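Student:
Protein chains in written order, with our numbering: chain X, 86 to 197; chain R, 402 to 520.
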């Protein structure tokens, strides 16, 4: 079954502490993974995608196929990082139609 | 980046009436649009996939007669909640995937959402 699991509904850290938001996936094909973020009262937006291997706002995520994980990490959390984070997997079906499979989201709270 | 606009952002209606929510891609052609429902604890539920010029594909458990989706043009999709009931009160979000930048990167662009309250 194709699935994205974010085991933590809520993660609370202090400012300056490292943060890791966990994401595990189940997919038989070659995975395309994304992290989306929703700040308070704002729309969902793309944070980063694994194929870009980029760092956005200090966040990185490495695809680990052996562990089927795509954890989001930041070495020093900031208060403005407080938001809802969603991990998503791009599923491609036989007709080459793409649909994102979403995790349930992790709410990150960075305390002063 | 590409912009997706939803209207209205908030709507209150009486039970039994129908409500239409519009989703527009402002600066790109959206071949595919998605409609989501976001629940109070923030989980996202995909309701349906809307392809321009064809019938929407509904997810399991979503009533197609209750949530009518029309994608008449490459820049507009509408969701109509028919005979709304209080349990339909929710935050509805649309997203679009197109050929922004000339490539299908898999990225979705989201609208700001529409808060529906059914009295």
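Here a beta-carbon is modelled for each residue, glycine too, at the ideal position from N, C-alpha and C. These numbers were taken from a predicted model, which means no experiment stands behind them.
Identify, in the order they occur along the chain, each residue of the same chain with its Cβ nearer than 6 angstroms to the Cβ of residue 134 (chain X), setting aside the five sequence neighbours on each side.
Tutor: So the qualifying residues of the chain are 119.
Student: How about residue 128 (chain X): is its C-beta nearer than 7 angstroms to some C-beta of chain R?
Tutor: Chain R, which has a Cβ nearer than 7 angstroms to the Cβ of residue 128 (chain X), makes this yes.
Student: Sorted by chain position, which residues of the same chain lie with C-beta nearer than 8 angstroms to residue 518 (chain R)'s C-beta, five sequence neighbours on each side aside?
Tutor: Here the set comprises 411, 412, 413, 414, 490.
Student: For the beta strand (DSSP E) holding residue 476 (chain R), just list the boundary residues, first then last.
Tutor: That residue, residue 476 (chain R), is in no beta strand (DSSP E); it is neither H nor E in DSSP.
Student: Using beta carbons (cut-off 7 angstroms, strictly below), is residue 440 (chain R) in contact with chain X?
Tutor: It does not: the Cβ of residue 440 (chain R) has no partner Cβ on chain X nearer than 7 angstroms.
Student: Quick check: what's the CA-CA separation for residue 162 (chain X) versus residue 456 (chain R)?
Tutor: If you take the alpha carbons of residue 162 (chain X) and residue 456 (chain R), they lie about 45 angstroms apart.
Student: If we ignore side chains and look at the alpha-carbon of each, how far apart do residue 91 (chain X) and residue 441 (chain R) end up?
Tutor: So the two alpha carbons sit approximately 17 angstroms from each other.
Student: Is it the case that the Cβ atoms of residue 154 (chain X) and residue 193 (chain X) are separated by a distance below 7 angstroms?
Tutor: It is not a contact, given that the beta carbons lie outside the stated cut-off.
Student: Residues in its own chain within less than 8 angstroms of residue 438 (chain R) by CB, not counting five upstream and five downstream?
Tutor: Once the five neighbours on either side are set aside, the close Cβ partners of residue 438 (chain R) are 445, 446, 448, 491, 492, 493, 494.
Student: Nearest-angstrom Cα distance between residue 407 (chain R) and residue 123 (chain X)?
Tutor: So the two alpha carbons sit approximately 16 angstroms from each other.
Student: What are the partner residues of residue 449 (chain R), as DSSP defines its beta bridges?
Tutor: Its beta-bridge partners are R:436, R:459.
Student: Which of the three DSSP states, helix, strand or coil, is assigned to residue 191 (chain X)?
Tutor: Residue 191 (chain X) falls in the strand class under three-state DSSP.
Student: Run through chain R and tell me which residues come within less than 9 angstroms of residue 187 (chain X), C-beta to C-beta.
Tutor: In chain order: 437, 444, 445, 446, 447.
Student: Is residue 511 (chain R) close to chain X, meaning its C-beta is less than 7 angstroms from at least one C-beta of that chain?
Tutor: By this cut-off, residue 511 (chain R) is an interface position.
Student: Less than 8 angstroms between the CB atoms is what I'm expecting for residue 93 (chain X) and residue 191 (chain X), so what's the real figure, rounded?
Tutor: Right, their Cβ atoms sit about 5 angstroms apart.
Student: Within 10 angstroms of the Cβ of residue 427 (chain R), are there 16 or more other Cβ atoms? Answer buried if so, exposed if not.
Tutor: The residue in question, residue 427 (chain R), is exposed, as its Cβ has fewer than 16 Cβ neighbours within 10 Å.
Student: How long is the line joining the alpha carbons of residue 150 (chain X) and residue 520 (chain R), rounded to whole angstroms?
Tutor: About 48 angstroms.
Student: Determine, using beta carbons only, whether residue 465 (chain R) and residue 483 (chain R) come nearer to each other than 7 angstroms.
Tutor: The answer is no: Cβ separation not under 7 angstroms.
Student: In the DSSP assignment, what are the bridge partners of residue 153 (chain X)?
Tutor: In DSSP, residue 153 (chain X) forms no bridge with anything.
Student: Can you pull the chain X neighbours of residue 508 (chain R), defined as C-beta to C-beta under 8 angstroms?
Tutor: Those within 8 angstroms of residue 508 (chain R) in chain X are 119, 131, 134.
Student: Can you name, in chain order, every residue of its own chain whose Cβ lies under 7 angstroms from the Cβ of residue 473 (chain R), other than the five neighbours on each side?
Tutor: Same-chain partners within the cutoff: there are none.
Student: Quick check: the Cα distance between residue 101 (chain X) and residue 159 (chain X), rounded to an integer number of angstroms?
Tutor: If you take the alpha carbons of residue 101 (chain X) and residue 159 (chain X), they lie about 10 angstroms apart.
Student: Would you mind sorting residue 143 (chain X) into buried or exposed? The rule is 16 or more other CB atoms within 10 Å of its CB.
Tutor: Flag for residue 143 (chain X) reads exposed.
Student: Using three-state DSSP, classify residue 486 (chain R) as helix, strand or coil.
Tutor: Three-state DSSP puts residue 486 (chain R) in coil, outside helix and strand.
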